[in-house]
Every structure is written in structure tokens, then in C-alpha cells.
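Working notes for the structure below.
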Amino acid sequence: MARTRFQADHGLSSRMLLTMFLLGLLYVVFVAVLVALKIPLILVLLIAGGFLFFQYFFSDRIALASMRGREVSPEQAPELHQMVDRLCALANMPKPKVAIADTDLPNAFATGRNQQHAVVCVTTGILRRLSEPELEAVLSHELSHVAHRDVAVMTLASFLGILAGFVVRSSIYAGAYGGGGWGRSNNRDNNAGAVILLVVLASAVVYALSFLLTRLLSRYRELSADRAGAILIGRPSLLASALVKITGDMSRIPTRDLRAAEPLNAFFFAPALAPGFSFSSLFATHPPLERRLEQLAQLEAQLGRPA
Amino acid sequence: MKFLDALLGRSRPAPPKLDALFGVSGAAITLEAAAGMRPTGQAAVCFHPASGQGFAAASEELKELLELAIAEAGSTLKVTDDRYGYRWVVLADPEMEDLVTSVHLVNSTLEQHGFGPQLLCSVFGFATADGAKRFHLVYLYKRGSFYPFAPLGGERRDNELELQVKAALGGDLPVEPELARWFALWGLPLD
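Sequence lines, in order, name chains H and A. First residue of the first sequence: 16, per my numbering; consecutive thereafter. First residue of the second sequence: -12, per my numbering; consecutive thereafter.
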């Protein structure tokens, strides 16, 4: 174990573990309900599993394509590559692909199922606005996402939501057209209708709960990436200043750009929210700015202490 | 543990491996015999400066230690920051053994103060007797491996020379097996 000046954050780890446990518990309960109601579980699992598989294996290409990011060679962006090269050597991880998205939105994201298939993408907006050290801090945050395998973890965590959503839709469909397609064939119609209603209700509740838990998990992963990124470069305040600069700039960008990017928020360094859109903190993919700055200030204080 | 770390979103700062550094003196002899490359007498340690009083204190102590050591060995020292914000301690000493010892001193001092994870690499300069060909032997702390970096003008690399050096070094030093990790260090402050 390397000597380091930073203390482990056991609180964050245990909160994250609890969230995952609750998600798992919810998953077990949901599957048990489906089994008890004699839903053809194999079929449902196969279809939802197919979505998951697709999302898992193509996450890098999907995210890049939707942000119109293009991979750049070391000759095209020598400084960006040099920064990533050095950070990867510091962190002892393989170098991900480097991409640039041509948009004025100041942001960065990392995606890819593992370290071998990772992409780190920055926008031209962030390249223009941040100083080089700040950009390096942002890159170290994104590389931490790659090191923590956040795409894999979040894809697995969102599986339950996909599953529940799928069951709701197919049950409604079965109720409307099949007259009890899920129910046993010897059931009377009103019995089958009751089963469908139960399934829809249970799935809707599971969907809502899993949505909240996934978002909570996402916020914890962001805090973890902030922490690891700040520790990697040893300068927590740089990451804080990059955060302030980006979120400050966010509100000055034309609204159309922001709306177009909103579905991708979970991958972003700082979420792009259109102003005037009230968003309860429960649903946010990222922790509030104050919470992130507070954590970085604590790390900075740990650095200040004598050895 | 790796699985748990991924699950909990933790990454442990990579610890530096310092022991392989002493192999450089032996490798220098091999290089001269096999490829006609001699040490230029220059070496550098590169690290990422951290913020805060803890790092400032470590830097101060490092400076005092180095000045003492250098006064004894008769070598010279300069400290520069490059454009990427990394700090280079550049050491010069005609004796390869002393050079390696000084480099190790810089590394171990930083490590003792808890800044081991901040270490990026150490670099040793090599060149042919007429100076026509030159390359830098880069040591990656986190991997515990070496690779040659031979810059030409205009941010190009002499890959042929690098691969020749790799072949010559094979038995003496752990050469980094993944070529993707042989990253370029443009603008490094050695001659």
C-alpha cells in the first residue's frame, strides 16, 4: 500500500454500498413478485438483458455518436494527448482514446465498458474556456470514471429500471390486446385483469424506486470521481475552480444547445440544465455544486497538514 | 479487492517502484558496448507538484538534502517547471553511479513525505560519442519499467533507434512491454 496524504472516505463507500444493496434487494423482490404472479420471466429477462447487453457493449460508440465526438490522433491534438498520456502514467492505467466534440457547450465525458475500450471526450467549448491546469483536473476526473468502471456499474444498476419499464409496457399491451396474455389460460377474464393491474402497479413502484436509487448512486459515483481525480493530480482546488468556471458558464449558453444535450447528462462532468427547469435534487445525476466544492475543500485541507 | 474497488468507485494511488532504478548503471555499460550510446551525464526526475503546505515543506527539505549531496559529489542541479505544469529536477554529474544515487534520493524523499503517487518518471540522457544520435531512457515508476524515447526535430520520434535500444537493453532492465505506454515527453528539459 502506497503512502498517501489522503484519508479514505469510508462514509462515501458505505453509503454507496447501502444504495447498491437496496437496488439489489428491490431487484430480488421484483423478480419474486413476477414469479408469484406466474409471469413468463425468462422472456422478460431475455429482452431486458438484450437492451443491457447492447448498452454495455456499445456505450462508447453511442455516447460519442450522439455528441458528435470524433477521435483525434496525437498529431491533431498534441497537447491534449500529452496531458492524457501523463495522467495515465501517474495513475498507472492504459491510455483511453481521446476525442473532441465540436460544440460550444463546455463539458467533458468519459465512456466505455472497461479501461481497454474507454473514450475520453472534451468539447471545443471546454478547451476554449479552461486554463491548461484546469483542463488537466477535468481530465483526471474523467479518467477516474474510467478507472472506477462507472459505465459498467451504472449500466448494471439501471438494468432493474429497464426491466420494470418493459414489464409495465408489455403488461398494458397484453391487457389491451390479448385479454390476459400473461395470465394462465384457464383463468377467467376478470382474474387475468386483476393480475395485469397488480403487475403494472408493482412494476411502476419498482421503476420509480430504482430510478431514485440509480440517481443516488450516480451522484455518489461523481463524488468518488471528483475525489480520485483531485488526489491524482494532488491539487483539489484546481478541480474546484474548473467546476465553478464551467457551471458559471453553463447559464450563459443559449438554451437550445442545453436542451439537446440533457439526455446525456449522466456522462457529463457537470450537468447541463436549461435555466428555469426546476429539478429536485433527488432526480439529479450530479451532486449539487456546493457538495462537490465542500469535498474538494476537505481534501485541500488534508494536503495542508504537515506530514 | 479490485472488484470491490470498482464497485465502490475507489482507486488507490499507484505506489512507485524505486528499486529497478539502480539497474541503470549496469545498463549504461551494456548500451555502450552494444549500441555505442554513452550517458550524457544528465538525468531528471519529473513529478506533479501538489498544493498545500505539506508539499511545500517536502520541497524545501528536498532542496536542502540535494544541495548537501551535490556539494559532496560535485554535481549540479536545476529545477524547472514545464508547460504542462510538471516539475523537473535536472541533475548533472559525469559519474553515472552518483547520478543514479542522486535521482534515487529525490524519489525517496518525495515518497517519504507521502508524495510517491505524484512521481511521473525519471529520465536519463544517452547519446553517441559524436552526439549525432541521442535518446532518453525513461523510467515509469508506477510500472517499474523503462522505455527509450528518442525525439527528433518537429515532435517526431526516431522509432528505429528506440527499438534498437529496446533490443540492446532486453536482458539488463525491465523494458515496458506495452508499446502504447511509451508516451512522448515533448519539451523535456535535458540537452
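Don't be surprised by glycine CBs; every beta carbon is placed ideally from N, CA and C.
is_contact[residue i, chain H] using C-beta, thresh 8 angstroms
i                : result
L175 of chain A  : no
F170 of chain A  : yes
S(-2) of chain A : yes
L(-5) of chain A : yes
G28 of chain A   : no
G72 of chain A   : yes
K4 of chain A    : no
K129 of chain A  : yes
E51 of chain A   : no
E142 of chain A  : yes
H35 of chain A   : yes
Residues sharing a beta bridge with residue i, DSSP
i               : result
S109 of chain A : A:V32 and A:Y126
F133 of chain A : A:Y126 and A:V162
T63 of chain A  : A:A79
M24 of chain A  : A:T115
E86 of chain H  : H:A114
C136 of chain H : H:A114 and H:F124
D68 of chain A  : A:R74
P148 of chain H : BP columns for P148 of chain H are empty, so no partner.
P138 of chain A : A:R144
R121 of chain A : A:A114
Exposure of residue i, with buried meaning 16 or more beta-carbon neighbours within 10 Å
i                : result
G140 of chain A  : exposed
R(-3) of chain A : buried
Y128 of chain A  : buried
D6 of chain A    : exposed
R130 of chain A  : buried
R70 of chain A   : exposed
R184 of chain H  : exposed
F42 of chain A   : buried
P290 of chain H  : Unreliable placement is indicated for P290 of chain H, whose pLDDT of 47 sits below 50; the coordinate value is still reported in the next sentence. Flag for P290 of chain H reads exposed.
G103 of chain A  : buried
E315 of chain H  : buried
P121 of chain H  : buried
G65 of chain A   : Before going further, note that residue 65 of chain A is Lys rather than Gly in the sequence given. Exposed.
K53 of chain H   : exposed
I246 of chain H  : buried
R143 of chain A  : exposed
N206 of chain H  : exposed
F294 of chain H  : Bear in mind that the predicted position of F294 of chain H carries a pLDDT of just 47, short of 50, making it too unreliable to give a figure here.
P26 of chain A   : buried
Whole-number beta carbon distance between residue j and residue i, since they are thought to touch under 8 angstroms
i               : j               : result
L106 of chain A : V90 of chain A  : Not confirmed; about 11 angstroms, so no contact.
C33 of chain A  : W75 of chain A  : 5 angstroms
L175 of chain H : L41 of chain H  : 6 angstroms
T300 of chain H : R230 of chain H : 6 angstroms
G244 of chain H : S155 of chain H : 4 angstroms
L86 of chain A  : F122 of chain A : Between F122 of chain A and L86 of chain A the Cβ distance is about 16 angstroms, and since that is not below 8 angstroms, they are no contact.
L92 of chain A  : F111 of chain A : So it is not a contact: roughly 15 angstroms between Cβ atoms.
Candidates the options: closest to residue i by CA position
i               : options                           : result
V135 of chain H : H:M108, H:R306 and H:D75          : H:D75
V214 of chain H : H:L178, H:H301, H:L40 and H:M82   : H:L178
E305 of chain H : H:S173, H:A255, H:L231 and H:I211 : H:A255
I262 of chain H : H:Y188, H:R250 and H:L308         : Sequence inspection shows Thr at residue 262 of chain H; the Ile mentioned does not correspond to that position. Cα-wise, what sits closest to T262 of chain H is H:L308.
R234 of chain H : H:L67, H:F284 and H:L216          : H:F284
R250 of chain H : A:L177, A:L8, A:Q29 and A:G72     : A:G72
H96 of chain H  : A:W169, A:S12, A:A56 and A:V87    : A:W169
H100 of chain A : A:L172, A:G39, A:L64 and A:G28    : A:G39
P0 of chain A   : H:D165, H:I248 and H:V259         : H:I248
E59 of chain A  : A:D80, A:D68, A:E48 and A:E47     : A:D80
A257 of chain H : H:I115, H:V153 and H:V220         : H:V153
K120 of chain A : A:Q29, A:G23, A:L160 and A:F111   : A:G23
G26 of chain H  : H:S239, H:Q317 and H:A312         : H:S239
A167 of chain A : H:A217, H:F73 and H:K112          : H:K112
G13 of chain A  : A:M83, A:F113 and A:L(-6)         : A:M83
A2 of chain H   : H:Y222, H:V161 and H:L318         : Residue 2 of chain H lies beyond the stretch modelled for chain H, which goes from 16 to 322, so this question has no answer here.
V168 of chain H : H:R128, H:A209 and H:D119         : H:R128
L216 of chain H : H:R144, H:I62, H:P93 and H:V182   : H:V182
Below-8 angstroms beta-carbon distance, residue i vs any chain A residue
i               : result
M98 of chain H  : yes
L32 of chain H  : yes
Y42 of chain H  : no
I141 of chain H : no
S252 of chain H : yes
L308 of chain H : no
S74 of chain H  : no
H163 of chain H : yes
L318 of chain H : yes
N107 of chain H : yes
E305 of chain H : no
S239 of chain H : yes
R234 of chain H : no
C-beta neighbour in chain D for residue i, strict 8 angstroms
i               : result
A104 of chain H : Given the protein chain composition of this structure (H and A), no chain D is represented.
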